[in-house]
Structures are given as structure tokens and as C-alpha cells.
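*Asks:* Going line by line, the protein sequences match chains R and X.
By my numbering, the letter at position 422 of the first sequence is numbered 437, and the numbering carries on one by one without gaps.
By my numbering, the letter at position 365 of the second sequence is numbered 380, and the numbering carries on one by one without gaps.
Think of the CB as a built atom: it goes at the ideal place given N, C-alpha and C, for glycine as much as any other residue.
There are 2 protein chains.
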Amino acid sequence: MLPTVYQGSLALLTDLYQLTMAYGYWKRQRADRLATFHLFFRKLPFQGGYAVAAGLELAIDYLRHFRFADDDLSYLATLRGNDGRPLFEEEFFDYLAQLRFNGDLEAIPEGTVVFPNEPLVRVTAPLLVAQLLETPLLNLINFSTLIATKSARICQAAQGEPVLEFGLRRAQGIDGGLTSARAAYIGGASATSNVLAGKLLGIPIKGTHAHSWVMAYGDEREAFADYAAAMPNNCVFLVDTYDTLEGVRHAIEAGHELRRRGHKMVGIRLDSGDLAYLSIEARRLLDEAGFPDAAIVGSSDLDEHVIQSLKQQGAKISVWGVGTRLATAYDQPALGGVFKLAAIQNEAGEWEHRIKLSEQRVKTTIPGRLQVRRYFKEGHVAGDLMYDELLGEPDGGAIIDPSDPLRRKKLKPELESETLLKPIFEQGELVYQSPPLAEMQARTQAEIARFHPSVRRLLNPHGYPVGIDQKLYRLREEMIHETRQMEEE
Amino acid sequence: MLPTVYQGSLALLTDLYQLTMAYGYWKRQRADRLATFHLFFRKLPFQGGYAVAAGLELAIDYLRHFRFADDDLSYLATLRGNDGRPLFEEEFFDYLAQLRFNGDLEAIPEGTVVFPNEPLVRVTAPLLVAQLLETPLLNLINFSTLIATKSARICQAAQGEPVLEFGLRRAQGIDGGLTSARAAYIGGASATSNVLAGKLLGIPIKGTHAHSWVMAYGDEREAFADYAAAMPNNCVFLVDTYDTLEGVRHAIEAGHELRRRGHKMVGIRLDSGDLAYLSIEARRLLDEAGFPDAAIVGSSDLDEHVIQSLKQQGAKISVWGVGTRLATAYDQPALGGVFKLAAIQNEAGEWEHRIKLSEQRVKTTIPGRLQVRRYFKEGHVAGDLMYDELLGEPDGGAIIDPSDPLRRKKLKPELESETLLKPIFEQGELVYQSPPLAEMQARTQAEIARFHPSVRRLLNPHGYPVGIDQKLYRLREEMIHETRQMEEE
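Shown next, in the form of C-alpha cells:
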């Protein structure tokens with residue numbers, strides 16, 4: 016059996032400690048206390064200035080189908096503790112069997128630009144249920160957000176020229192490939208090579224031929240001619256199997272033959288060597304031969320930095336094929352998002368704030384039930400305010416960076432603003448419809464355009480102002496002091 | 016629909032160009048020519064001295080179920096070329112519909128130590144079929160081999176102490192998590208936190224509680240006591256939610272209470288801060304309190320280098336929890352394996368060698384139908400000989416490093432030897448049974464032990480001798496010269 020095409024329940028797609036904690040909550044009568052958890056990341060990936068939220072639709076699907084199947088429970092019944100006795104009591108399985116997602120969930124829609132500490136997802140549900148969702152939500156949101164962000168950066172470097180995602184063969188597993196194709200598309204990639212992503216997700220797919228086609232013939236001229244004969248309406252000739260510029264000449268011959276037969280050569284692809292030099296020479300050869308419209312596709316270990324450098328060198332590449340470095344986010348293959356408890360009801364049903372301390376200030380969490388309000392000024396973004404809905408409306412003062420209280424910014428309340436976290440589930444009922452992927456892609460583009468170029472800069476970007484309001488800041492500082500004092504007693 | 020739990024055919028888990036090439040082969044009457052492809056990588060990952068093959072069982076499963084479903088074909092029928100007309104003729108779909116894997120496949124079993132240029136998988140099949148398998152085989156073998164190798168390195172650094180794989184939340188998708196749990200286990204990890212991997216693959220699973228358990232209570236003492244009350248046979252207390260050493264003291268209290276009730280505290284877990292200092296202090300506290308057997312689990316961005324450093328600092332960690340850096344192979348998240356044509360039948364049914372040139376010598380392929388013979392001397396490995404079965408038995412001279420002809424080594428033919436590529440499919444029929452995962456894990460351990468410590472060194476290892484025999488070396492050099500000359504004509 017291929018675990019990747021597993022057809023059963025995914026309730027066990029979680030870490031064992033979520034289930035042992037769930038059991039503990041159930042045994043100790045805490046399972047039903049309502050709790051609020053935030054899913055957020057602490058640091059922007061790729062040393063960049065922004066991230067692009069993605070993966071929500073996958074999370075929604077997970078939640079809609081969340082239930083423990085009989086074989087899940089019979090597997091759990093086989094687990095033993097250090098005394099050889101069962102880890103879980105039988106009655107717990109009856110409890111799990113009837114469990115469904117019955118909470119509230121708000122989330123920032125896919126394709127939205129997001130920043131550290133902002134909750135991408137907020138869950139308010141019975142403690143036991145929310146706890147069980149930590150691992151799957153992180154798995155689904157972390158990776159998609161990472162790849163959508165990487166894709167947005169690569170597309171930014173390509174300056175509007177098409178980017179094709181080619182990474183399936185190096186992706187981390189089957190849905191490593193599928194999920195990265197989806198997220199890359201949200202981030203701005205025009206198409207993928209992944210046929211299954213085309214079939215399942217409706218993403219445009221692209222592809223023509225590889226070196227093996229040329230090698231199967233041995234003779235490149237014959238190989239191109241035969242390819243053109245077989246598939247005249249999809250001709251991008253890969254020209255670097257033996258000698259690149261000789262390959263361009265052979266492609267031009269095939270292009271003339273295609274033209275004689277009433278077809279059109281789409282272009283050529285360069286997959287190795289000095290892409291700046293070779294693309295300039297190839298462009299010259301193509302133009303001189305009467306193929307000014309033939310595209311030059313470049314591929315070979317590309318990422319946003321290589322594309323930027325090639326553009327600076329005047330490379331004549333018009334389509335960018337990006338594989339491994341996009342599909343795995345090669346320079347930072349994990350986002351590091353976390354899912355933290357921020358508030359919980361006590362026995363009397365009153366909400367209490369919760370904080371997790373850390374010796375590193377940046378790892379100390381923000382308590383409450385957070386909402387994010389993005390302010391706009393003359394069509395551009397001005398800053399993001401996080402406030403605690405348990406404390407009511409935000410106060411109108413400055414926002415304060417929770418990791419650096421000296422960084423403050425005044426956002427006038429009369430500015431236009433938008434609330435980022437949208438209702439997705441209300442008491443377990445889905446109240447949101449994910450837009451088509453193409454709309455998410457358009458959203459990403461529109462969102463990024465509203466940020467100042469200095470925030471969008473690929474390296475050493477300007478920090479965009481994100482902070483909490485003073486009311487929440489004061490509460491948090493008090494909680495930090497109290498917890499520290501408690502420790503010292 | 017979650018693409019990750021897709022229940023249908025996986026024949027479309029491929030790049031579009033494999034299908035357009037397949038179509039071309041079919042149209043141009045080359046589909047049925049037998050061809051041999053090798054799947055190999057060119058460079059060891061992680062700057063290490065060895066890799067561990069993995070993923071074969073997944074590939075076998077893929078091949079056994081390889082077929083185009085009706086909805087695959089109806090999707091392909093929707094694709095259009097640049098003239099708006101269908102990419103594929105209708106008759107091609109009838110051809111695809113009856114296609115099964117009907118070739119020979121040899122592979123190096125999972126858990127075997129492997130080196131650059133060695134075929135991990137060798138496919139001899141009709142050109143069209145072999146071509147279609149490039150992407151899925153790479154997807155399945157690349158990632159598993161990468162993670163098994165990473166896991167072996169981490170386990171090596173842990174010097175026999177248990178390593179737990181905790182990476183699901185940061186893994187690249189659902190089967191990024193499942194596949195990495197499987198490969199990490201083959202590489203030597205004792206257990207995973209991933210419950211689904213436990214259920215589906217039978218891998219031992221581990222887990223107790225997270226910070227959120229403590230935060231849900233607010234008071235750490237009460238939290239530990241309640242956890243111990245709920246699940247007395249699975250107590251590893253996470254002690255760093257507020258103050259680590261205070262947490263250890265609270266765990267000790269809970270440990271005493273467990274003991275009074277006839278149970279045993281398994282240990283504590285440290286998840287942040289200076290693990291060297293904290294583990295030494297925690298060990299002292301535990302020993303003084305009468306818990307010399309309590310384990311200290313360490314986690315927090317660990318990899319082989321951090322573990323090695325902690326050991327050098329005398330850290331008293333006895334169990335290593337490794338997440339993101341193992342599950343994503345953080346410092347090199349893709350292996351870069353390729354699948355290259357090396358021989359093909361001509362029209363007359365005679366085998367012809369094929370080579371792919373490159374301006375980089377290391378990227379020029381090795382032609383032929385390669386087999387790998389590993390030689391042993393006094394229980395240790397002596398070197399790997401690659402030879403071409405189309406040229407017959409290897410000659411008895413020295414082996415020559417294909418990327419550096421000055422590196423040669425004589426391997427006496429009378430040495431004990433083993434042939435690494437084993438028959439898996441013969442004319443489409445499965446002739447191999449994958450051993451249980453625990454056997455693969457044992458194999459990895461036994462394999463690695465037979466290599467000299469200088470080859471196993473985590474950084475700057477000694478290069479293990481791998482080369483081709485002189486007969487194949489001469490053929491390859493001739494082919495390189497001929498192809499270059501052909502280009503110059």
C-alpha cells in the first residue's frame with residue numbers, strides 16, 4: 016500500500032502526544048472547556064519582507080472529514096504504556112468515535128500577505144478537539160504558505176514573465192509535489208509540469224520534451240524533426256543535449272519546417288550552461304532566422320536570486336522554468352509555524368488568558384483571542400494592528416511590536432481598514448466557500464502590489480509595521496511579570 | 016477534495032513532457048524499442064560520505080498499480096496545443112488504456128549504502144513505458160533516500176541512543192510526513208510521533224504531552240499531577256513551559272507520586288534553552304532525587320551536528336527528539352537524483368549505447384546497462400565496481416572514477432563480492448518481496464558498520480572508491496570524443 020494515496024480517515028494524521036493529551040483532558044474532565052489557539056509563524060521565510068498565506072482549503076477539507084474510523088480506534092487500542100498495559104481506556108474510544116469538528120475557526124484567506132505573529136488560523140473549540148488539530152493544521156498550512164511565498168518571490172524576480180513550476184521529481188513525496196504545485200500557482204506561477212495537479216486542481220500544465228527524446232534518436236536534427244512531426248502544436252525544443260547553440264540551429268531548421276506545414280514553433284529551452292550568454296546568443300540566432308516571437312525558456316537550478324541576476328546580466332529568457340528550489344523551498348524548506356493556546360475557559364466558564372514564556376523574547380506568545388486589522392492610506396497599506404477580542408475593541412493609540420517595544424507606530428483609527436481573519440467554521444458548520452485557485456492567484460498579485468517596494472525587496476527588506484495595541488501590550492507585560500514572579504516564589 | 020488522499024490512479028503523477036514524448040514515440044513508431052534507464056544521483060547529500068537507498072517498496076507499489084484510468088484519459092483529452100487543437104489523438108488513449116508496466120526492473124534494496132553514479136534503480140522496458148516512469152520513480156526514490164541518509168547520520172551522531180522522529184508538523188505535506196517517518200525509521204530512528212505512520216506502516220510511535228497541556232492548567236505542578244493521574248504508564252514530563260529546572264523539580268514530585276502508586280516515571284523532556292547545561296543540571300537533580308533511570312529527552316532544532324556538539328559538551332541527554340531538520344532534510348531538502356537513458360535498441364533490435372554530454376564532466380552520463388559489484392576484504396568493504404552487462408563480464412583491472420580518471424583502484428577479482436542490483440520485476444512480473452521495515456533498519460546499521468569510520472565521518476569524509484572498469488571507461492571516452500567530433504563537423 017502506498018501511504019501517499021491512503022484512502023481512509025486522516026484523524027490519525029497527528030502526533031501521538033495530541034492523543035495522549037486528549038485522553039488526559041477527557042479523563043480529567045477538561046475536554047469540553049472552550050479554548051482558543053492561534054496558528055502563526057515567528058519569522059519571515061527566505062530573509063524576505065512578506066509571506067503569502069496558503070493551505071486553508073486543504074485545512075477546511077481536513078476538518079470537514081475529521082472523524083475517527085473504526086480501524087483508527089482499533090489501532091489505538093493496540094498501543095501500550097511502559098507497564099505493558101493499554102495506553103487508553105475502552106470508553107475513550109466511544110468518545111472519539113462520535114467526535115466531529117464542532118468549533119469556530121477563523122482564518123486569513125489564501126493569497127493574503129501576512130506577517131510574523133499574525134494568526135493565520137484561529138480555532139476556538141473544546142480543548143480536546145482544538146488540541147487534536149494542532150499537527151494536521153500545521154502540516155497543511157505551514158508547507159503551503161512556505162511555497163506560496165517562495166513562488167511569489169520568484170514571480171516577483173521574473174517581473175511578470177511566466178514562471179513554470181517543474182519540481183515534482185524532487186518534491187518531498189507525492190503530495191509534496193501536488194501541494195507545492197497548488198501553492199506555487201497561488202503565489203503566481205502560470206503553470207506546472209505536474210499532470211496530476213492539472214487533473215485534480217485544474218492548474219494549467221506545460222511540457223514538451225526532455226534530453227531523453229534527443230538521446231533516443233542520437234541525432235538531434237532527426238529528433239527535432241520527428242518531434243515536430245508528431246506534435247506540431249506543442250514545440251519547445253530543448254537544445255542543450257549535445258551543444259547548445261548547435262541545438263538552436265537545429266531548432267530553427269525544425270521551426271522553418273513547421274512553418275512550411277502551417278504550424279508555429281513555440282520556442283526553445285536552455286537547461287544548462289551559462290544561461291545569460293547562451294540566451295543572448297540564442298535570441299540573436301532566432302531573430303536573425305525570422306523567429307522573433309519564439310520564446311526562450313530557461314531552466315536549471317533557478318530561484319529568485321538567480322533570475323534577478325540573469326535579468327541584470329541582460330539574459331534574453333522570456334519564460335522561467337523553476338523546479339527543485341521552488342517545490343521544496345530549497346533555501347528554507349520549513350516555515351516553522353506553531354499552534355499555541357492563548358485563552359481558555361475556567362471551571363466557571365470565564366475566559367482566562369494564557370501565555371507561553373521563553374528565554375527568547377521572540378518566542379513568548381501573545382495571549383488573548385487575536386484579530387488582525389490592516390490599515391490603508393491612499394491605496395497603500397499602512398500597518399497591521401493585532402488586538403484581543405476578549406478585551407473588546409482596540410484602543411486608538413500606537414501599535415507596539417511585541418518583540419521590540421521600542422518599535423511603535425500610530426495608525427489613525429479613521430484610516431480605511433480591513434479585518435483579516437474571516438469566519439470559516441461556526442460551531443462546526445462551514446460558512447465559507449474557497450474561491451477558485453485563479454482568484455487566489457489574482458489576490459496574491461493585488462495584495463503584493465499594495466505594499467511598498469521596500470517591503471517587497473527580496474533581500475534586506477524594510478520591516479512592515481505590525482504590532483499589538485497598548486491595551487493588549489499592557490496585559491501581556493503584566494502576565495510576563497506575574498509568571499516570572501510565580502516562578503521565583 | 017484533499018489531493019493528498021487522492022484515491023484514484025496515479026498514472027498522471029508525472030510531468031507533462033513524459034506524456035508528450037510518449038505520444039511522439041508512439042506516433043513515430045519508437046514506443047516499443049527496448050531501452051535501459053538508470054536512476055542515480057551525482058553528489059552525496061549533506062557533504063557526507065555515504066547515502067542509504069530507500070523508497071523501493073513505494074516504487075514497487077506504484078508500478079504494480081500503474082494504469083491509466085478512464086478519467087485520466089478524459090482529462091488528457093481536454094489538453095490543447097498552441098493552435099487550440101487537441102494535443103493527443105484519440106487512438107493514443109486506447110493505447111494508454113491497455114498499458115501496464117511490462118519491463119524488467121532491478122534495484123538496490125532499501126537500507127543499502129550507495130554512492131554517486133550507482134544506479135539505485137535500472138529499468139529495461141519499452142521506451143514509452145520507461146519514459147513515463149521517470150518522474151514518479153524519481154519522486155519516490157529521491158526523497159526517501161534523502162531522508163534515510165539524513166536519519167542514518169543523525170543516528171550515527173546519537174551513538175546508539177534512541178532517535179525519535181517528530182517532524183510531521185513541518186513536513187512537506189501529508190505524505191511528506193508519512194514518507195519521512197518511514198525513511199527515518201529505515202535510516203535508524205527508533206520511533207516516530209506520527210500516529211498515521213504507526214497505523215499504516217507499523218512503525219513504533221511515541222508521545223506524551225506538549226506545552227499546551229501545562230498552559231491549559233496554568234499551574235505546572237497541577238498539570239503534571241493530573242497527567243500522571245490520567246496516564247500513569249506514559250509519563251515523560253515536558254519541563255520548560257515556564258522555567259526548566261523548576262519544571263524538573265515539579266516532574267520529580269510527580270515522579271514520587273507515581274512511584275507511590277506503583278508506576279514509573281519514564282523521564283523528562285527539554286525543548287528549549289541551553290540543552291547541554293540544562294541536561295547536566297536536570298540529570299543531577301533526577302539522580303539526587305532517586306531517579307537515575309529517568310530518561311532525559313532532548314529536542315529543539317536538533318540535527319547530527321548539534322547532537323555531536325552536545326555530546327562533546329557532555330550533555331546528559333539519553334533520547335533525541337528530531338523534527339524539522341530530519342523530516343525535511345533541512346540543510347539539503349532534495350537529493351537531485353536523475354533518470355537517464357543509457358542504452359536503446361535500434362530498428363534491427365541491436366543494443367546501442369547512449370550518453371548525455373555536459374560541459375561539466377560530473378554531469379556526463381555513463382552508458383550501458385550498469386551493474387554494481389561491491390568488493391569486501393576481511394569483512395570490510397573495499398570498493399564498488401560498475402560494469403556494463405552489454406559488454407559482458409568486467410575486466411579484472413583497476414576501477415576508474417568516471418569524474419576523475421586519475422582516481423583508480425585495483426580490486427582483486429578473487430575478493431569476496433556482492434552484486435548490488437537485485438531483480439525486482441521481470442517482464443512486468445514482481446519477483447521480489449520487500450522485507451519488513453525493521454529488517455531494512457537492521458540492514459542499514461549492518462551496512463554502515465562495514466565502512467571505514469573515515470567514510471562515515473559526518474563532515475569531510477574520506478571518499479570511498481567507486482569506479483567503472485577499464486572496458487567501460489574506454490567505451491565511454493570514445494563516445495565522448497565521437498559526440499564532440501560530430502558536433503564540430
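Which one or two residues does DSSP pair with X/D466 in a beta bridge?
*Replies:* For the sequence presented, residue 466 of chain X should be read as Phe rather than Asp. Paired residue(s): none; X/F466 is not in a bridge.
*Asks:* Kindly indicate which residue of R/G288, R/G338, R/Q44, R/Q347 has the alpha-carbon position closest to the one of R/A14.
*Replies:* The displayed coordinates of chain R run from 16 to 504. Any statement about residue 14 of chain R would go beyond what the structure contains.
*Asks:* If we define contact as Cβ-Cβ less than 8 Å, is X/L17 a contact residue for chain R?
*Replies:* Per-residue confidence for X/L17 stands at a pLDDT of 32, beneath the threshold of 50, marking its modelled position as unreliable; no derived number is given.
*Asks:* Please go through the segment 40 to 100 of chain R and give each complete alpha helix (DSSP H) segment of 4 or more residues, from N-terminal end onward.
*Replies:* As far as the segment 40 to 100 of chain R is concerned, its whole alpha helix (DSSP H) runs of at least 4 residues are 71 to 79, 85 to 91.
*Asks:* Measure the Cβ-Cβ separation of R/D385 and R/D403 and say whether it is below 8 Å.
*Replies:* The question names Asp, but residue 385 of chain R is Leu in the sequence shown. Yes, these two residues count as a Cβ contact at 8 Å.
*Asks:* The alpha helix (DSSP H) with X/F181 in it runs from where to where?
*Replies:* Run containing X/F181: none; DSSP gives neither H nor E here.
*Asks:* 8 Å is my cut-off, CB to CB: does R/L153 come that close to chain X?
*Replies:* Yes - at least one Cβ of chain X is within 8 Å of the one on R/L153.
*Asks:* Where does R/E431 fall in DSSP's three states?
*Replies:* It is a strand residue.
*Asks:* Going by DSSP in three states, X/L17 sits in which element: helix, strand or coil?
*Replies:* Because the pLDDT at X/L17 is just 32, under 50, the model does not fix this residue reliably, and the point stays unresolved.
*Asks:* For X/T379 and chain R, any beta-carbon pair shorter than 8 Å?
*Replies:* Chain R, which has no Cβ nearer than 8 Å to the Cβ of X/T379, makes this no.
*Asks:* Ignore the nearest five residues each way along the sequence and tell me which others in R/L71's own chain have a CB closer than 6 Å to its CB.
*Replies:* Counting only Cβ-Cβ distances below 6 Å, and skipping sequence neighbours, we find A122, E125.
*Asks:* Along the chain, where does the alpha helix (DSSP H) containing X/R369 start, and where does it finish?
*Replies:* No alpha helix (DSSP H) holds X/R369; DSSP gives it neither H nor E.
*Asks:* Find the residues of chain X that neighbour R/K279, judging by a C-beta separation of less than 8 Å, and give them in chain order.
*Replies:* In chain order: N97, D98.
*Asks:* Taking a Cβ distance cut-off of 9 Å, strictly less, list which residues of the segment 434 to 446 of chain R are near chain X, in chain order.
*Replies:* Here the close residues number zero.
*Asks:* Counting only Cβ-Cβ distances shorter than 9 Å, please list the residues of the segment 60 to 71 of chain R near chain X, keeping chain order.
*Replies:* The segment 60 to 71 of chain R vs chain X, Cβ under 9 Å: nothing.
*Asks:* Counting only runs that start and end within the segment 334 to 400 of chain R, where is the alpha helix (DSSP H) found for 4 or more residues in a row?
*Replies:* Those alpha helix (DSSP H) runs which fall completely within the segment 334 to 400 of chain R and span 4+ residues are 339 to 342.
*Asks:* Does X/A309 come out as helix, strand or coil in the three-state DSSP assignment?
*Replies:* Three-state result, X/A309: coil.
*Asks:* Whose Cβ in chain X lies nearer than 9 Å to the Cβ of R/N209?
*Replies:* Within chain X, the residues near R/N209 are L27, L28, T29, D30, L31, T150.
*Asks:* Would you decide whether R/N209 is buried or exposed? Buried here means 16 or more other CB atoms lie within 10 Å of its CB.
*Replies:* Classification for R/N209: buried.
*Asks:* Could you tell me the distance, in whole angstroms, from the CA atom of X/Q171 to the CA atom of X/V67?
*Replies:* Going by the C-alpha atoms only, they are around 13 Å apart.
*Asks:* For a contact meaning CB atoms closer than 7 Å, what does R/H477 contact in chain X?
*Replies:* By Cβ distance, chain X contributes nothing, its closest Cβ being about 28 Å from R/H477, past 7 Å.
*Asks:* Give the residues from the segment 176 to 196 of chain X that approach chain R closer than 8 Å (Cβ to any Cβ), ordered along the chain.
*Replies:* Taking 8 Å as the Cβ-Cβ cut-off against chain R, the residues of the segment 176 to 196 of chain X that qualify are F181, L183, R184, R185, A186, Q187, G188, I189, D190, G191, G192, L193, T194, S195.
*Asks:* Pick helix, strand or coil for X/D403, following the three-state DSSP scheme.
*Replies:* Strand.
*Asks:* I'd like to know whether the C-beta of R/W366 is nearer than 8 Å to at least one C-beta of chain X.
*Replies:* Not closer than 8 Å to any Cβ of chain X, the Cβ of R/W366 fails to qualify, so no.
*Asks:* Work out the CA separation of R/H265 and X/Y21 for me, nearest whole Å.
*Replies:* Confidence at X/Y21 is low in this model, with a pLDDT of 44, below 50, so its placement is unreliable and no value can be given for it.
*Asks:* Quick one: what does DSSP say X/D30 is sitting in, helix, strand or coil?
*Replies:* It is a strand residue.
*Asks:* Indicate the three-state DSSP secondary structure (helix, strand or coil) for R/R422 in the structure shown.
*Replies:* Strand, per DSSP.
*Asks:* Alpha carbon to alpha carbon, how far is X/A413 from X/V337? Give it in angstroms, no decimals.
*Replies:* The straight-line gap from Cα to Cα measures roughly 42 Å.
*Asks:* Kindly indicate which three-state DSSP category X/A413 falls into: helix, strand or coil?
*Replies:* The answer is strand: DSSP assigns X/A413 an E or B state.
*Asks:* Comparing the C-beta of R/Y90 with each C-beta of chain X, is any distance below 8 Å?
*Replies:* Answer yes: the Cβ-Cβ gap between R/Y90 and chain X drops below 8 Å somewhere.
*Asks:* Considering only the alpha carbon of each residue, which of X/V254, X/Y292, X/A291 lies closest to X/G282?
*Replies:* The residue with the shortest Cα to Cα distance from X/G282 is X/V254.
*Asks:* So, under 8 Å CB-CB, R/L435 and R/V470 are touching, yes? Tell me the CB distance rounded to an integer number of Å.
*Replies:* Not confirmed; about 16 Å, so no contact.
*Asks:* Which same chain residues end up closer than 7 Å to R/G96 when comparing Cβ atoms and leaving out the 5 residues on each side of it in sequence?
*Replies:* Here the set comprises L102.
*Asks:* Within 8 Å of any Cβ in chain X, is that where the Cβ of R/L142 sits?
*Replies:* Closer than 8 Å to some Cβ of chain X, the Cβ of R/L142 qualifies, so yes.
*Asks:* R/P348 and X/Q62 - do their beta-carbons sit closer together than 8 Å?
*Replies:* For X/Q62 and R/P348, no; Cβs fall outside 8 Å.
*Asks:* On the DSSP bridge assignment, give the partners of R/S314 in chain order.
*Replies:* Paired residues: R/G336.
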